[in-house]
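Novice: In the working numbering, the protein residues as written are 13 to 166.
Using N, Cα and C, we set each Cβ at its ideal position, and we do this for glycine too.
For clarity, every value in this text was computed on a predicted model and none was experimentally measured.
Below, the structure written as structure tokens:
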């Protein structure tokens, strides 16, 4: 495992791309490492888990509010929203936010026992939205989800 030291820099300092955290995470996600079957199964189960908890929260006020806002950002080749026909698409940033609200509203995620600030499943709604808008494959999505879990949990 490679350990990366993370440091915050003021915006007036421009880091070379290869030294930026986003670049390092992208390198992990885009490498040609073979995906582990157990990790693939875990990611698929987490997608199902996210969808299930999102559906349970569709009629809650914060979810309705976030969805109404996302509905204002139609995009022909965008991403889908929980609770809206999949023939309609919306900007991936708004879809990620609204779908993430739906996933977290009831906080019924699978158990993640840590004293951290968030749940690694929070990465799934934005990754799905970006994958949809950019027409990425299911394999690309799985690589992104597995990378997100590895980076956040480690």
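Kindly indicate which residue of 114, 146, 108 and 163 has the alpha-carbon position closest to the one of residue 137.
Specialist: Cα-wise, what sits closest to residue 137 is 108.
Novice: Using 8 angstroms as the threshold, is the C-beta distance between residue 66 and residue 143 below it?
Specialist: The answer is no: Cβ separation not under 8 angstroms.
Novice: From the DSSP output, read off the bridge partner residues of residue 91.
Specialist: Its beta-bridge partners are 102.
Novice: What residue ranges within the stretch 34 to 84 form continuous alpha helix (DSSP H) runs of no fewer than 4 residues, ordered along the chain?
Specialist: Those alpha helix (DSSP H) runs which fall completely within the stretch 34 to 84 and span 4+ residues are 49 to 68 and 73 to 82.
Novice: Let me confirm a value: residue 90 is counted as buried when at least 16 other C-beta atoms fall within 10 Å, else exposed. Which label applies?
Specialist: That one is buried.
Novice: May I ask you to report which of helix, strand or coil DSSP gives residue 161?
Specialist: Residue 161 falls in the helix class under three-state DSSP.
Novice: Could you name the residues that DSSP lists as bridge partners for residue 86?
Specialist: Answer is 102, bridged to residue 86.
Novice: State buried or exposed for residue 145, treating a residue as buried only when at least 16 other CB atoms are found within 10 Å of its CB.
Specialist: Looking at its Cβ environment, which holds 16 or more other Cβ atoms inside 10 Å, residue 145 is buried.
Novice: State the Cα-Cα distance for the pair residue 35 and residue 79, rounded to the nearest angstrom.
Specialist: Cα to Cα, residue 35 sits roughly 31 angstroms from residue 79.
Novice: What's the gap between the Cα of residue 147 and the Cα of residue 118?
Specialist: Their backbone Cα atoms lie some 30 angstroms apart in a straight line.
Novice: Using 8 angstroms as the threshold, is the C-beta distance between residue 47 and residue 153 below it?
Specialist: No, Cβ-Cβ distance for residue 47 and residue 153 is not below 8 angstroms.
Novice: Would residue 133 be called buried (16 or more neighbouring beta carbons within 10 Å of its own) or exposed?
Specialist: Buried is the call here.
Novice: Quick check on the DSSP output: the alpha helix (DSSP H) that includes residue 27 runs from which residue to which?
Specialist: First-last for residue 27: undefined, no H or E at that position.
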